[in-house]
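Numbering (the working numbering), first residue to last: 2 to 238.
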């Protein structure tokens, strides 16, 4: 099946305490969003990328493409008032009968292995979502205080969340609900089972300034060949 990717990048940078939207901040030699697009391109140059941005960021993005001589082809789509409507807008140009991954534009360290698994499992099962187990102890907040909770019953959810396009399109015909915090929550609302798989730990969402430090350090060590060899990408697509 043909593969599409909807990259949603509508952040404002408030939690980053930056005037520049976080997806456009430079880490290494290019903007964070460019690293994200390169992750999908390096997995498979044939993946058709749909980039969803606020309309007021279109000119900024095009100027950054020129500045960094960025050549990866994308289809630019106007974002909506929430992530739900941004994904819905992106889906309007996704054909039927394909696989479509939805990914946060500020998750630039997603591995080729995670991307490959998401497409493979989605083709087989219909819906694939990467996640991580927790290593910290957790507590459940209740009306009268808090109590210890079994961390093995909790998963940290990542993106790309990948689906057969007919499933995702049908899910996004629903009316928006506040409980729709990601694509998996939208899809499970139509009765579709969500298949979880292990993501990659470095696939963090760049939200605060500390995350920039982590990303920069990781990229430097990767470029220098100093990472654990078991972390290196290996993929067949």
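Glycine residues also receive a C-beta, built at the ideal position from the N, C-alpha and C atoms.
Cβ neighbours of residue i in the same chain (closer than 6 Å, five flanking residues each side left out)
i: residue 77; result: 52
i: residue 162; result: 103, 130, 184, 185
i: residue 195; result: 128, 130, 185, 189
i: residue 71; result: 35
i: residue 182; result: none
When the options are compared against residue i, the one with the closest alpha-carbon
i: residue 48; options: 25, 6, 206, 39; result: 6
i: residue 126; options: 103, 164, 135, 55; result: 164
i: residue 40; options: 143, 204, 183; result: 204
i: residue 105; options: 57, 219, 223, 11; result: 11
i: residue 28; options: 225, 216, 66; result: 216
i: residue 90; options: 64, 146, 170, 63; result: 170
i: residue 154; options: 54, 135, 180; result: 135
i: residue 112; options: 138, 66, 92, 159; result: 159
i: residue 58; options: 23, 42, 69, 218; result: 23
i: residue 138; options: 150, 54, 20; result: 150
i: residue 9; options: 211, 20, 92, 68; result: 92
i: residue 157; options: 177, 200, 180, 144; result: 200
Cβ pair residue i, residue j closer than 8 Å
i: residue 128; j: residue 175; result: no
i: residue 133; j: residue 202; result: yes
i: residue 103; j: residue 4; result: no
i: residue 33; j: residue 96; result: no
i: residue 141; j: residue 148; result: yes
i: residue 61; j: residue 25; result: yes
i: residue 222; j: residue 228; result: yes
i: residue 101; j: residue 173; result: no
i: residue 38; j: residue 94; result: no
i: residue 107; j: residue 206; result: yes
i: residue 75; j: residue 50; result: yes
Under the three-state DSSP convention, the category residue i falls into
i: residue 202; result: coil
i: residue 23; result: helix
i: residue 85; result: helix
i: residue 149; result: strand
i: residue 133; result: strand
i: residue 79; result: strand
i: residue 228; result: coil
i: residue 154; result: helix
i: residue 56; result: helix
i: residue 6; result: strand
i: residue 140; result: strand
i: residue 48; result: coil
Residue span of the alpha helix (DSSP H) that contains residue i, given as start and end
i: residue 105; result: Segment 100-105 is the beta strand (DSSP E) holding residue 105; no alpha helix (DSSP H) there.
i: residue 188; result: 184-189
i: residue 65; result: 59-69
i: residue 122; result: 113-126
i: residue 39; result: 33-44
i: residue 215; result: 210-224
i: residue 170; result: 166-172
Contacts around residue i, its chain only, beta-carbon distance under 8 Å, and the 5 residues preceding and following it disregarded
i: residue 167; result: 97, 98
i: residue 124; result: 2, 100, 165
i: residue 198; result: 118, 119, 122, 129, 130, 131, 132
Other residues of its chain near residue i: CB distance less than 7 Å, five sequence neighbours each side excluded
i: residue 79; result: 56, 90
Endpoints, the beta strand (DSSP E) within which residue i is located
i: residue 93; result: Neither: residue 93 is in no beta strand (DSSP E) and is coded neither H nor E.
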